[in-house]
Each structure stands twice: as structure tokens, then as C-alpha cells.
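Asker:
Protein chains in written order, with the working numbering: chain F, 640 to 863; chain L, 3 to 373.
1. Assuming residue 292(L) and residue 311(L) are in contact, meaning their beta carbons sit under 8 Å apart, how far apart are those beta carbons, in whole angstroms?
2. Please return the same chain residues whose Cβ sits closer than 6 Å to the Cβ of residue 861(F), not counting the five positions on each side in sequence.
3. On the three-state DSSP scale, how would you describe residue 696(F)?
4. Of the choices 820(F), 814(F), 800(F), 821(F), whose alpha-carbon is the least far from that of residue 675(F)?
5. Going along the chain, which residues of its own chain have a beta-carbon closer than 6 Å to the beta-carbon of residue 30(L), five neighbours each way excluded?
6. Is the CB of residue 783(F) under 7 Å away from at least one CB in chain L?
7. Checking contacts by CB at 7 Å: is residue 778(F) closer than that to chain L?
8. When DSSP labels each residue in this structure, what does residue 353(L) get in the three-state scheme?
9. For residue 67(L), return the contacting residues in chain F, with the cut-off set at a CB-CB distance below 7 Å.
10. For residue 749(F), count neighbouring Cβ atoms within 10 angstroms of its own Cβ and tell me buried if that reaches 16, exposed if not.
11. Under 8 Å Cβ to Cβ from residue 784(F), same chain only, skipping five residues before and after it: list those, please.
12. Less than 7 Å between the beta carbons of residue 762(F) and residue 272(L), yes or no?
13. So is residue 170(L) buried or exposed if we call it buried at 16+ other beta carbons inside 10 Å?
14. Do the CB positions of residue 165(L) and residue 343(L) come within less than 7 Å of each other?
15. Counting only C-beta atoms, is residue 820(F) closer than 7 Å to chain L at any point?
16. Name the chain F residues whose beta carbon is nearer than 9 Å to that of residue 319(L)?
17. State the DSSP-derived secondary structure class of residue 195(L), mapped to helix, strand or coil.
18. Need the endpoints of the alpha helix (DSSP H) that residue 624(F) sits in, please.
19. Can you tell me whether residue 359(L) is buried or exposed, with buried defined as 16 or more other CB within 10 angstroms of its CB?
20. Counting beta carbon pairs with one atom in the region 796-810 of chain F and one in the region 676-683 of chain F, are three or more of them shorter than 8 Å?
21. If I follow the unbroken alpha helix (DSSP H) through residue 807(F), where does it start and stop?
22. What do you get for residue 705(F), buried or exposed, if any count of 16 or more other CB atoms within 10 angstroms of its CB means buried?
23. Check whether the Cβ atoms of residue 217(L) and residue 74(L) lie closer than 7 Å to each other.
24. Can you give me the C-alpha to C-alpha distance between residue 180(L) and residue 779(F), rounded to a whole angstrom?
25. Please return the same chain residues whose Cβ sits closer than 6 Å to the Cβ of residue 751(F), not counting the five positions on each side in sequence.
26. Can a CB atom of chain F be found closer than 7 Å to the CB of residue 332(L)?
27. Near residue 289(L), what residues of its chain come up, given a Cβ to Cβ distance below 7 Å and the 5 sequence neighbours on each side ignored?
28. In chain order, what are the residue ranges of uninterrupted alpha helix (DSSP H) at least 4 long that sit wholly in the region 272-335 of chain L?
29. Determine the direct distance from the alpha carbon of residue 673(F) to that of residue 350(L), and round the result to whole angstroms.
30. Strictly below 9 Å CB to CB, what residues from chain L border residue 743(F)?
31. Scan the region 214-246 of chain L and note each continuous alpha helix (DSSP H) run of 4 residues or more that stays entirely inside, going in chain order.
32. Would you mind sorting residue 86(L) into buried or exposed? The rule is 16 or more other CB atoms within 10 Å of its CB.
33. On the DSSP bridge assignment, give the partners of residue 115(L) in chain order.
34. Could you check what DSSP says for residue 164(L) in three-state terms: helix, strand or coil?
35. Between residue 54(L) and residue 150(L), what straight-line distance do the alpha-carbon atoms span, to the nearest angstrom?
36. If we cut at 7 Å on Cβ distances, does residue 290(L) have a partner in chain F?
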């Protein structure tokens, strides 16, 4: 009987050790493979690769350069001068890599979403990522996320889906690629007065029959 | 999931702070599960519709502030586009602030803060109340004729108050309140040990006078409104440790305006730029702002080779990212990223002087500390 106790106890201890070892070998952030696969699915259908993975010309036409998966605008691409469009309905240019966008906001470059610590999201926490998506501000409180990033769509993802997305992004290969900072519009470019990510805030209450706020404010001075 | 807190260098109360950080991060995650800006408050707990109903005034018609509300003035005021500001705190009778962790004071339920912003007239009064569920944020927009102040839309309000040619003051959204007030470790930003030290910095930019009736640390302790504060902080009032008066004022300014986010704990700790003064600092080398010298900045300063930008370039203000961003109001560049449309020229001049004159080119540490 006492021998049986030792066998059962030893077996249980071994099982605990094996389970712990398996769990320890699981992907970073403790996310299981199902969560990561869910994240990969969301990133695929969410269209992240469309802009954050540079395009290249393949045998059948443009395709994702998967060797630079989700690493953003390649730092080694020389774009030359920003093209100017004449006034009219056409407002935006995009590079052939689909990673650099010029428009009324200036020029924006798609971010490096890989877990590289110095040039990607390697030092970001889950909170940083979720707050960025929910507020449209870098790390939830910094500079605005630039167009054409449709962050307001992703702000409506569930917590679980945002977590899965981030878990997937932690598990793709880290790529060192220092994406340039956005370039402001040239003098005379437009940026709405007082605008915040998410649109123009409401007007102040008016006293009596004072004139309602009318028209748009002149564009702010850019840079100093 | 919370990013691990970088090595705190053996500071005391690490476990306590880590627990508080984890709790704050959990609270933040719960909050951001809502639409940005929503506060988790039941309808009965929403802020009053009028400022007059928040308890600031004993007689709103004459704008008489209730004498139970204590006016105060931090020694390093936050830059707010040149607004004149008045601030008050209300503590429920018999209650007190728990200052056992002097870096992060705990306020009793029922505490209220108000902060009034005026240019040519009153424009807004911000309101913070400590409820059992946490702090609730509100702003009250004054009518142009100042006849009343009503609860501002949670999404923010573009006012008619011009702060610079073509730029108008925006009452922040609740989301923006939360951005700053939950950017670091303590939600209350201007009421603490350094800001209320009786050893007030005579060079603090846009400094405000300490009017009669305004408290300092010793008077708060005497009146038993603050309890548990280590005695050392009363006997030896907090002060930025620096080797020159300009350095003291510059690092005090950076502490007050930047360490809200730029701290070793909190959501953006991973950036590694820590500008928060520690109460146990004794020499300039202890001041985190000094440790920004020569350190790499992810922000790319125009004209500097890619990957070579630094936060503070000793002796070289033009290639110091901290100063460059302070001196810009381009939304993609400006620091702080929220809340102001106008550069704080006085502070830019002070920080430039500190970088240029006090920090010798090529050094990576401050010069000899004060005796």
C-alpha cells in the first residue's frame, strides 16, 4: 500500500512537472497557439499586410514581400521628392511599396509592427497597443496616428481580438527597420484647428444670441 | 498584461509600487474596454450639470468660493498656453491624505479638486472628484459672458478663446484627461510633496505667488490634513537637486510638465525617458532628467543622421530632441503631445540655457554636484 502511495504521488509530481515544462515552452506573453492563430487570422483579414508589409513585384504582379513581414516602410527605399498633385479631386499619392502615403496631412510611413525592440514594437506592452488602437494616439497618449491608418475601425475590435492581434505580432520575426517619422505638410497645407483623432470637437455653449461658431479656422502654423 | 518595470535601483517600497502599478494598469485596461473617453460611472454618479452644484462656491451669484475649499499653488505650474489658473482642494471634514508613500499620495473618498483657467475671462473650470469607484473627471465650460459654467461635452469643446493668432483653446475630452492623469503612477499631478514644498524655486517658469492661506507641506502636516508623511520631508523640504539655479528650474519644469508620462513606471516607461524627480535625490546625478543626457532618441531630429538623435545633447540645444519638441507645436512633433497650442517660450529659453551653459559638450553626466 505504501509503495502505491509513492508511485501515485511520484506520478502526479511528474505530471505537474511535465505540464509546467510544456507551458513554459509556450509562446511569449503566455498566449496559447490558438490565440496566436486567431491573431494571425485577424491580421490577415484586417488588411494589416496591405500597408505594413512592403509590396514587391513578383512573377504574377505585385505581392507582399514576406521576408519583410509587417516591418513597415523599408528604411532603404529612396522616395525622392514628394510628388505634388494639382488642385482637384485627386488628393493622395502612394509609393509602389504601399508603405508611404502623401496627402493633405503630409507624408506618413507605415510602422514597423514586428517585435524588434529598437525599431519595432518590441518594448510595447499590451496596454500600449490597445490604447493606441482605441485612442488613435501613439501609445495611447502621444502624437496622433496618421492617415490613412484606419485605427478608428480597429478601435471597435473586442478586447479579446485586440489581445490576439498583439499576441500574433509578438510572435512574428523581429526585423530591424527604422521607419522615418511623418513629414508635415508644406506651408499652406491643411490641418483642422483643434482637431483631435476622431474628429472636430463640439462648439462651446454660446451666451444668449451670440453668433454661433462659423466657418473653419485658418490652418495652424506648422513646426517652429 | 503589464510591461515589466525597469530596474528601480533598489528604491524602497518597490513591491508596494509594483502592486499599485499592476492595480492601476488593470484599472486602465478595464476603462479602455469602453469607448475611448467613457468613464465607468453609474448614471447616479455622473458629474453635476453645473459648476455651481459641485460645491466650489458658497454663493455662486457673487462667485464667492466656499472657505472650506483650500486654494493652493504648485511651485512648478503646468504650461497652459498662458492661462491664469486658480486651484482649490476640498477634503471631507475629519479626513486626511495618506502620504506614507510620499511619491504617491492617497486621497480620501470625497476629495475634490477644481482648476479654473482664465485668459481675458474665465473659460473653463476642471473638476476631479474622488469617488468610491475612483476619480471622475469633468470640465465646465464658462459662457462667454461668464453667467454660468455648464458641464462640457465628454468629447471636448473648441472654445472661442483665442490663445494665439488663429489658435483657440480646446477644453479637453475626458479621454484626454485620462491620457495625462493616468499617464504615470499618481492621478493627482499638482498636489504633492515637491510641488507644495516651502522651498519654492524663484526661477520656475510662469511661477505663481504663494498667497496667504495657501498650504505648504509643513502647514498641511500641522493641520493634520496630510498624515504619514516621513518626518524628513518636513525637516528637509523637497527640492530639485541641481548644481546651478538654472538647472534646478529646468529640471523642475521638466518634472512638472513631462514626468506625468515620462517616468520609470506607467504606460510609457518602456521609452526609457525618466524625467521625474525623486524625493530622495541629493545630487544632480540623482535627478533623472540629468540621465537623459546623451541618450538615444527614437524621434528623428531633422538634419541629424538617422538613428543618431539624442534626447539632450550637452552644449548643443539645436540637436536636443527634448528641447526641439518643446519648441514646436506641430501636432506630430510637440511635447507635451496634448493640451497646448502655444510654445512655452520662457521654459524653452530656460532649458536651452541649461543645455548650452551648464552641460559641457561631450559629457554624459552632470558636472560636480552642489556641496
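Here a beta-carbon is modelled for each residue, glycine too, at the ideal position from N, C-alpha and C.
Only a predicted model underlies this, so the values are computations on that prediction, with no experimental measurement involved.
Answerer: Reading it off the structure:
1. No, residue 292(L) and residue 311(L) are not in contact; Cβ-Cβ is about 19 Å, not under 8 Å.
2. Its pLDDT being 37, under 50, residue 861(F) is placed unreliably by the model, and nothing is read from it.
3. strand
4. 800(F)
5. Legend: pLDDT at residue 30(L) = 41, less than 50; position of this residue unreliable, value from coordinates given subsequently. 184, listed in sequence order.
6. yes
7. yes
8. helix
9. In chain order: nothing, as chain F lies at least about 22 Å away.
10. buried
11. 771, 775, 776, 777, 790, 836
12. yes
13. buried
14. yes
15. yes
16. The premise fails here: residue 319(L) is roughly 13 Å from chain F at the closest Cβ pair, so nothing lies under 9 Å.
17. coil
18. No answer is possible for residue 624(F): it lies beyond the span of chain F, which begins at 640 and ends at 863.
19. exposed
20. yes
21. 798-808
22. exposed
23. yes
24. 10 Å
25. 710, 711, 758, 759, 816, 818
26. yes
27. 242, 243, 244, 253, 279, 283
28. 323-328
29. 51 Å
30. Within chain L, no residue comes near residue 743(F); the closest Cβ sits about 14 Å away, beyond 9 Å.
31. 219-224, 234-237
32. exposed
33. 91(L), 130(L)
34. strand
35. 8 Å
36. no
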